[in-house]
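Report on the structure given below.
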Amino acid sequence: MENCIFCKIIRGEIPATKIHEDEDTLAFLDIHPVAPVHFLLIPKLHIATLGDVDVQHQQLLGKMLWLVPRLAASQGCTDGFRTIINTGRVGGQEVFHLHIHVIGGKDRLPAMIHHG
Ligand code: AMP
Ligand code: ZN
Numbered sequence: 095m096e097n098c099i100f101c102k103i104i105r106g107e108i109p110a111t112k113i114h115e116d117e118d119t120l121a122f123l124d125i126h127p128v129a130p131v132h133f134l135l136i137p138k139l140h141i142a143t144l145g146d147v148d149v150q151h152q153q154l155l156g157k158m159l160w161l162v163p164r165l166a167a168s169q170g171c172t173d174g175f176r177t178i179i180n181t182g183r184v185g186g187q188e189v190f191h192l193h194i195h196v197i198g199g200k201d202r203l204p205a206m207i208h209h210g
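Be aware that the sequence shown starts at 95, since it is given in the working numbering, and climbs by one per residue.
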C-alpha cells in the first residue's frame, strides 16, 4: 500500500506521535484533535474500511477493541470515551486505512449526531 498515509506512518516514512505499537497494531495522536484526547488505533495490515473486513480478521479486530479501553486509560480517559469508525463515503471516511478514533477528555462530549 504504497501511497496510503497510515501505511507510511507504520513504515516510519511520515512522523506521528505514537502511543502504542505491537506486532499487529499502532496507535498515534490524531493530527487534528477534536477533543483533549484524540488518537487513532490502526491495524498494521492494510484494510481499507470496516466494510472490507473478512472472517480472517476477527482476531485482529477483537485485539483492537480489547486494546481501546487500555490505551484510553493510558491517555487519561478514566471516566469514559467515544469510539468512532467512519466507513466509506456516507460515513465520511477520509483516510482509507481502517482506524478507530478514540476521543475523550474530562468533559462530556457533545451529542454525536444532531437531529435537524
Ligand atoms: P476519517 O474521516 O475517519 O478517515 O479520519 C481520518 C483522520 O486521520 C482525521 O481525524 C485526520 O485528522 C487524521 N489524520 C490524517 N492524517 C494524519 C496524520 N498524518 N497523522 C495523524 N492523524 C492524521
Ligand atoms: Zn494503509
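Idealized CB from N, CA, C, for every residue including glycine.
- Per the DSSP secondary-structure output, ILE194 pairs in a beta bridge with LEU135.
- Assignment of ALA166 by DSSP, reduced to helix, strand and coil, places it in the helix class.
- Here the alpha carbon of PRO109 sits roughly 6 Å from the alpha carbon of ILE103.
- ILE141 counts as buried, since at least 16 other C-beta atoms from the protein chains shown sit within 10 angstroms of its C-beta.
- Around the beta carbon of THR172, fewer than 16 other beta carbons sit within 10 angstroms, so the residue counts as exposed.
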